[in-house]
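Asks: In this note's numbering, the protein residues as written are 223 to 473.
Written as structure tokens, this is what we have:
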């Protein structure tokens, strides 16, 4: 079996080449996979399942073709598309999974999947924002707003995030090692896969009891850098790989 993991595509109407690359990814690069996990921030923003435009519809239809072909499709909320709901899952044929979620790499070998933003505990300002936006009552009130009002709110949030991040150090916006060690011990795993930070890498470290841990970090997709990232699971082996987006979008 082949399982793929991707994150942080940040699809948006103003980036058609990136969207085309994802549609072709589903049709070509992911064709041989048995399962695909999209681990947050598939969209740059999502203001509700009742606000699907032509742009979102083409993505939904491509995901539905993928799941209808017999593939397992899983979607995790990110910090940009935390309002993805059950209607979206129904339309795409995807399963919305919790953050964090545990999967099995091989017999009796678990791995923990996360978007990754909850590990950035040094960024206290963001952690307060995250607590607010993940609160069910806040989400219910937000979804009750008119669509145009939600769209303006999403725009303001993105602008505020960009402005705030510009004044923060790289260390503050990265994951906390203490938070990483705490979560892998809490869930009794020694493999962690996440995105969010846009810093693709494989980190090896040891816990206090000298147990070895691997942390796989997915990169974001960028049409400016012409690069996409995935983690491939085959024969119980995880591999972090990059690929050209222009080759996909040019098909």
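From the three backbone atoms N, C-alpha and C, an ideal C-beta is built for every residue, glycine too. Every value quoted in this text rests on a predicted model; they were computed, and no experiment measured them.
(1) Taking buried to mean at least 16 other C-beta atoms within 10 Å of its own C-beta, is residue 447 buried or exposed?
(2) Taking only three categories from DSSP, how would you classify residue 382?
(3) Take residue 297 as the anchor and find which of 344, 231, 236 has the nearest alpha-carbon.
(4) Give every residue of the same chain whose Cβ lies closer than 8 Å to the Cβ of residue 429, excluding the five residues on either side of it in the sequence, and list them in chain order.
(5) Determine the direct distance from the alpha carbon of residue 438 to that of residue 267, and round the result to whole angstroms.
(6) Determine the burial state of residue 359: buried for a count of at least 16 other Cβ atoms within 10 Å of its Cβ, exposed for fewer.
(7) Can you list, in chain order, the residues of its chain with a C-beta nearer than 8 Å to that of residue 354? Leave out the 5 residues immediately preceding and following it.
(8) Report the residue from 431, 337, 310, 344 whose alpha carbon sits nearest the alpha carbon of residue 323.
(9) Starting from the C-beta of residue 461, find all residues in its chain whose C-beta is less than 6 Å away, skip the five residues before and the five after it, and write them out in chain order.
(10) Could you work out which residue in 367, 433, 409, 339 is closest to residue 229 when comparing CA atoms only?
(11) So, under 8 Å CB-CB, residue 398 and residue 344 are touching, yes? Tell me the CB distance rounded to an integer number of Å.
(12) Do the CB positions of residue 294 and residue 331 come within less than 9 Å of each other?
(13) Starting from residue 451, follow its DSSP beta bridges and name the residues at the other end.
Replies: Per the coordinate set shown:
(1) Counting the other Cβ atoms within 10 Å of the Cβ of residue 447 gives fewer than 16, which makes it exposed.
(2) Assigned with DSSP and collapsed to three states, residue 382 falls in helix.
(3) For the residues 344, 231, 236, the minimum Cα distance to residue 297 belongs to 231.
(4) Spatial neighbours of residue 429 in its own chain (CB-CB distance under 8 Å, excluding positions within 5 residues in sequence) are listed in chain order as 403, 406, 407, 435.
(5) When rounded, the distance between both Cα atoms is 25 Å.
(6) The residue is exposed, with fewer than 16 neighbouring Cβ atoms inside 10 Å.
(7) Result list for residue 354: 360, in chain order.
(8) Nearest neighbour of residue 323 by Cα position, chosen from 431, 337, 310, 344, turns out to be 337.
(9) For residue 461, where only same-chain residues beyond five positions count, the Cβ hits under 6 Å are 454.
(10) Ranking 367, 433, 409, 339 by CA distance to the CA of residue 229 puts 339 first.
(11) The beta-carbon distance between residue 398 and residue 344, rounded to whole angstroms, is 5 Å. This is short enough to meet the 8 Å contact definition.
(12) Cβ distance not < 9 Å, so residue 294 and residue 331 don't count as in contact.
(13) Partner residues in the beta bridge of residue 451, as assigned by DSSP, are 464.
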